[in-house]
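*Asks:* These protein sequence lines are chains A and B, in that order.
So for the first sequence, UniProt numbering puts the first residue at 1; every next one is plus one.
So for the second sequence, UniProt numbering puts the first residue at 1; every next one is plus one.
A single structure is presented below for examination.
Protein chains: 2
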Amino acid sequence: MAVSVREVAARAGVSVGTVSNVLNRPEQVKPETVARVRAAIDALGYVPNDAARQLRAGRSQSLALLVLDVGNPFFTDVARGAEKRAAEEGLTVLLANSDESAEREAGHLDVFERQRVSGVLISPVDGDYGRLEELRRHGIPVVLVDRGADQARFASVSVDDVEGGRLAARHLLERGCRRLAFVGGPLRIGQVADRFQGASAAVAEHGSATIQLLGTDEMSLDEGRRVGEALRPLIRETGVDGIVAANDLLAIGVERALLFGPDPIRVPDEVALVGYDDISFAASAVVPISSVRQPRELIGATAVELLLAEASRPDTEAPRHVVYAPELVVRDSSTRSA
Amino acid sequence: MAVSVREVAARAGVSVGTVSNVLNRPEQVKPETVARVRAAIDALGYVPNDAARQLRAGRSQSLALLVLDVGNPFFTDVARGAEKRAAEEGLTVLLANSDESAEREAGHLDVFERQRVSGVLISPVDGDYGRLEELRRHGIPVVLVDRGADQARFASVSVDDVEGGRLAARHLLERGCRRLAFVGGPLRIGQVADRFQGASAAVAEHGSATIQLLGTDEMSLDEGRRVGEALRPLIRETGVDGIVAANDLLAIGVERALLFGPDPIRVPDEVALVGYDDISFAASAVVPISSVRQPRELIGATAVELLLAEASRPDTEAPRHVVYAPELVVRDSSTRSA
DNA sequence: GCAAGGGTATGAATCGTTTCACAACGAGGT
DNA sequence: ACCTCGTTGTGAAACGATTCATACCCTTGC
């Protein structure tokens, strides 16, 4: 059933070592022999067995990418970037999903370690960095994705969320907004806290401006709608004139609630709105939503890069950290037509 | 660096065979010995090497799921279902993405064969079933996902798209619609053709009703908006009163174009609308959209099921095909308030 | 006292590939 | 003739887990 090098060798009239050489260092084998071996491979339909190769090599040709949510376009784009870069190194990416569950995360990490993957890229469920330490002790390099500064002991690639929040708020301030609202939560999510902090800092630079926090339990469309309803009186009575949402789903929900409730509020004329992530739905919302874009594919590619560096990093050297700058994409939701 | 059974055995004062037995058939080992071996495993931080196990077993503990688009919620839900069912069998699912590219698909299949995965679940890029035949000849079972009837030689799990189209159209007819439009394309996509065919059949059963096809180049929000504009005169002048969209993205785009163009058209009062797939955005559209739901997780679980059956299927028996019935989810977009 | 049999443990063979020290061979130099 | 080199190919060892025929010990029954 299974065709092995031995049979290929027999058919081509060479030794197994030569077959292996044809596969891995063809330049060291006489062209004529290469041809004969290749012919035998084709004739028999030989496919090398990775398990055997790995066993010998001690390490697999795959690296793992473990994300919080495969359903999130942010992560699928990161994955795309990682795959491209990994392919250049002859590596395959195993994509896995922890679904924000520590248990599933642990399960996947176990499998990866048994597989002796050549590295793990992970956007961790918060908490248990101990398991990651252990992986590294066992010789498997680890790179944190989209979670950075707080964990200096691991290499990481992330985006400056403080700066992103600042960009969003500053943009609104430049458009003349003075009473801002920040929608997002829970604050224990590092990204959310950073974005709020950045927005607050921008506001602080403007003597006359204020910002208030409207917390959410999750970052979904429905929560956005709920908060949108709560915003209505704030806009009409308290004079809120600008909204920063911690992600685009919230922003879209907020926009809908404002535009289509009883007594509609015009966006951007009565209140300006900026989201975060620049998902494709943001651009095609009823009023296209300004948003803060992150270099998603680049994040993935960089993660692979750091992994390679990590693999050959001497203990005397500290892990590397890469932080990218976010970028503001301006659309109608923050561009006052009047 | 790498801890192996040998070292565990030495530390526990037993043979390597016994360590293996502790891991795989603990009931055959004296409890006291089990404890001693377990202690040694913990002390040394031993993690079994899957490559070695696979090499011996001839087959990996993983199965592959190769989808057209990981960004599509349909497939991530299928993946979730497959993972659950696979976990029950002690199998891991490798999720990979062909991005509708035949080349990427071929690349992934090569890797999977080298890995000796225990099976491949695939929603194939159309065309090259030859490679799949070859995989099977090499002893790797194959199950087609979401592509069925046309390829009797492979086991498959799919949803009856003709019936889905029929459901959607019949629902509109029952609501009193008589001039229907079907939005979708290109028609070479099997699912689209089937849905249109089903809708047409439903219309044919009604003497007085008609249906016309409005083709699209792709199934996106933007195409939906474009077609929505084109629909405006048809509704106002030709009297189109019901729309079936081939997927929810199109439906959402159409709805937006109708509601927010100059001279807005009310949904469902002036025209009723049904989408397809029941993605989460459908329920939270401005006017929530009726849609045809497919049992996504069940599809994944069934695919794994068929794979197991396929692995032990005698040549004398034909591959199995499972076809699920779609389900109509009624929301406001097709429920005339007047 | 001995054979039979059940419960435990052993260790060598095996899976398929890669690697590496070495052999075979011919060409060129002296 | 002899030595040296370079090119090309060889084949056995190694990777780490599993398996299986075998051995050992202890009861049990006669």
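By construction, the Cβ of each residue, glycine as well, lies at the ideal position given by its N, Cα and C atoms.
1. Report back the beta-carbon spacing between A272(B) and L172(B) to the nearest angstrom; my notes put them in contact at under 8 Å.
2. What residues from the region 154-186 of chain B come within 8 Å of chain A, judged by C-beta to C-beta, listed N to C?
3. If I'm right that V125(A) touches L132(A) with Cβ under 8 Å, what's the distance once you round it to whole angstroms?
4. Would you tell me roughly how many angstroms separate the C-alpha atoms of F112(A) and V203(A), rounded to the nearest one?
5. Which residue or residues does DSSP assign as beta-bridge partners of A181(A)?
6. What separation, rounded to the nearest whole angstrom, lies between the Cα atoms of R85(A) and A82(B)?
7. Touch check for the region 163-179 of chain B and the region 316-332 of chain B: three-plus C-beta pairs under 8 Å?
8. Closest to V304(B) by C-alpha separation, out of L91(B), N24(B), R11(B) and A10(B), would be which residue?
9. Just checking, does the region 98-105 of chain B make contact with the region 152-160 of chain B on the three C-beta pairs under 8 Å criterion?
10. If you run the structure through DSSP and keep just helix, strand and coil, what is V143(B)?
11. Under 8 Å Cβ-Cβ, which residues of chain A neighbour F260(B)?
12. Which residues does DSSP pair with T92(B) in a beta bridge?
13. To the nearest angstrom, report how far apart A257(B) and R53(B) are at their CA atoms.
14. Taking only three categories from DSSP, how would you classify S118(A)?
15. Closer than 7 Å, Cβ to Cβ, to anything on chain A: give me those residues from the region 106-117 of chain B, in chain order.
16. Under the DSSP definition of a beta bridge, which residues are partnered with V304(B)?
17. Where do the N-terminal and C-terminal ends of the alpha helix (DSSP H) with H171(B) fall, by residue?
18. Specify the secondary structure class of S291(B) as computed by DSSP and reduced to three states.
19. Per DSSP, N97(A) forms a beta bridge with which residues?
20. Could you tell me the boundaries of the alpha helix (DSSP H) in which E255(B) lies?
21. Looking at the secondary structure, which residues open and close the alpha helix (DSSP H) in which L55(A) lies?
22. Work out the CA separation of R232(A) and R225(A) for me, nearest whole Å.
23. Roughly how many whole angstroms lie between the Cα atoms of D77(A) and D69(B)?
24. By a C-beta neighbour count over all protein chains shown, 10 Å radius and 16 as the cutoff for buried, is R296(A) buried or exposed?
25. Which residues of chain B have a Cβ atom closer than 8 Å to the Cβ of Q54(A), listed in chain order?
26. Keeping to the same chain, check which residues put their C-beta closer than 6 Å to that of R38(A); ignore five residues upstream and five downstream.
27. Give the straight-line distance between the Cα atoms of E270(B) and I235(B), rounded to the nearest whole angstrom.
28. Of all Cβ atoms in chain A, is any one closer than 8 Å to the Cβ of D277(B)?
29. Looking at the C-beta of V5(B), does it have a partner C-beta in chain A at a distance below 8 Å?
30. I need the DSSP call for residue 358(A), collapsed to helix, strand or coil.
31. When you compare each of S20(B), R293(B) and G261(B) to V274(B) by their alpha carbons, which one comes out closest?
32. Mind checking Q191(B): buried by the 16 CB within 10 Å criterion, or exposed?
33. Taking C-alpha atoms, which residue in A64(B), Q28(B), G17(B) and A10(B) lies nearest to A40(B)?
34. Can you tell me whether N49(B) is buried or exposed, with buried defined as 16 or more other CB within 10 angstroms of its CB?
35. Nearest by alpha-carbon distance to residue 340(A): which of A106(A), D248(A) and F182(A) is it?
36. Mind listing the chain B neighbours of A2(A)? Cutoff is C-beta to C-beta under 9 Å, in chain order.
*Replies:* Based on what the coordinates show:
1. For the purposes of this step, residue 272(B) is taken as residue 272 along the second sequence, with counting starting at 1. For the purposes of this step, residue 172(B) is taken as residue 172 along the second sequence, with counting starting at 1. The Cβ separation is near 6 Å, so the contact holds.
2. none
3. Position 125 of the first sequence holds residue 125(A). Position 132 of the first sequence holds residue 132(A). 11 Å between Cβ atoms; not a contact.
4. For the purposes of this step, residue 112(A) is identified with residue 112 of the first sequence, where counting begins at 1. For the purposes of this step, residue 203(A) is identified with residue 203 of the first sequence, where counting begins at 1. Going from the Cα of F112(A) to the Cα of V203(A) covers about 45 Å.
5. Position 181 of the first sequence holds residue 181(A). According to DSSP, A181(A) bridges with Q212(A) and I243(A).
6. Translated into positions along the first sequence, residue 85(A) becomes position 85. Translated into positions along the second sequence, residue 82(B) becomes position 82. So the alpha carbons of these two residues sit roughly 28 Å apart.
7. yes
8. In the second sequence, residue 304(B) corresponds to position 304, counting from 1. It is L91(B) whose Cα lies nearest to the Cα of V304(B).
9. no
10. Sequence index remark: in the second sequence, residue 143(B) carries index 143 (1-based). Of the three classes helix, strand and coil, the one that applies to V143(B) here is strand, per DSSP.
11. For the purposes of this step, residue 260(B) is identified with residue 260 of the second sequence, where counting begins at 1. Per Cβ cutoff of 8 Å: V286.
12. What you label residue 92(B) is simply residue 92 of the second sequence in a count that begins at 1. S62(B).
13. Translated into the one-based positions of the second sequence, residue 257(B) becomes position 257. Translated into the one-based positions of the second sequence, residue 53(B) becomes position 53. Looking at the two C-alpha atoms, the distance is approximately 58 Å.
14. Taking the first sequence and counting its residues from 1, the one referred to as residue 118(A) is at position 118. If DSSP states are grouped into helix, strand and coil, S118(A) belongs with coil.
15. V111, E113, R114, Q115 and R116
16. Translated into the one-based positions of the second sequence, residue 304(B) becomes position 304. Looking at the DSSP assignment, V304(B) forms no beta bridge with any residue, so it has no partner.
17. In the second sequence, counting from the first residue as 1, residue 171(B) sits at position 171. Segment D161 to E174, the alpha helix (DSSP H) holding H171(B).
18. Sequence index remark: in the second sequence, residue 291(B) carries index 291 (1-based). It is a strand residue.
19. As a first step, residue 97(A) must be located in the first sequence, where it is residue number 97. Beta-bridge pairing links N97(A) to V67(A).
20. For the purposes of this step, residue 255(B) is identified with residue 255 of the second sequence, where counting begins at 1. From DSSP, the alpha helix (DSSP H) with E255(B) extends over D248 to F260.
21. Start at 1 with the first residue of the first sequence, and residue 55(A) comes out as number 55. Run containing L55(A): D50 to A57, per the alpha helix (DSSP H) assignment.
22. Numbered from 1 along the first sequence, position 225 holds the residue referred to as residue 225(A). Numbered from 1 along the first sequence, position 232 holds the residue referred to as residue 232(A). If you take the alpha carbons of R225(A) and R232(A), they lie about 11 Å apart.
23. Taking the first residue of the first sequence as 1, we reach residue 77(A) at position 77. Taking the first residue of the second sequence as 1, we reach residue 69(B) at position 69. If I take the Cα positions, the gap works out to 11 Å.
24. In the first sequence, counting from the first residue as 1, residue 296(A) sits at position 296. Buried, since its Cβ has 16 or more Cβ neighbours within 10 Å.
25. To locate residue 54(A), count along the first sequence from 1; it is residue 54. Ordered by position in chain B, the residues that pass the 8 Å Cβ test against Q54(A) are A51.
26. Translated into the one-based positions of the first sequence, residue 38(A) becomes position 38. Taken in chain order, the list of residues that qualify is empty.
27. Taking the first residue of the second sequence as 1, we reach residue 270(B) at position 270. Taking the first residue of the second sequence as 1, we reach residue 235(B) at position 235. Whole-angstrom Cα-Cα distance: 8 Å.
28. As a first step, residue 277(B) is located in the second sequence; it is residue number 277 there, counting from the start. Closer than 8 Å: no.
29. Within the second sequence, residue 5(B) is the residue found at index 5, counting from 1. No, V5(B) does not count as interfacial toward chain A.
30. Nothing can be reported for residue 358(A), as the shown portion of chain A is limited to 1 through 338.
31. As a working mapping, residue 274(B) is identified with position 274 in the second sequence. Answer by Cα proximity: R293(B).
32. Taking the first residue of the second sequence as position 1, residue 191(B) is located at position 191. Q191(B) comes out buried.
33. Reading the second sequence from its first residue, position 40 is the one you call residue 40(B). The shortest C-alpha separation from A40(B) is found at A10(B).
34. Sequence index remark: in the second sequence, residue 49(B) carries index 49 (1-based). Its Cβ being crowded by 16 or more others within 10 Å, N49(B) is buried.
35. No answer is possible for residue 340(A): it lies beyond the span of chain A, which begins at 1 and ends at 338.
36. If you number the first sequence from 1, residue 2(A) lands on position 2. Within chain B, G58, R116, H138 and G139 have C-beta atoms less than 9 Å from the C-beta of A2(A), given in sequence order.
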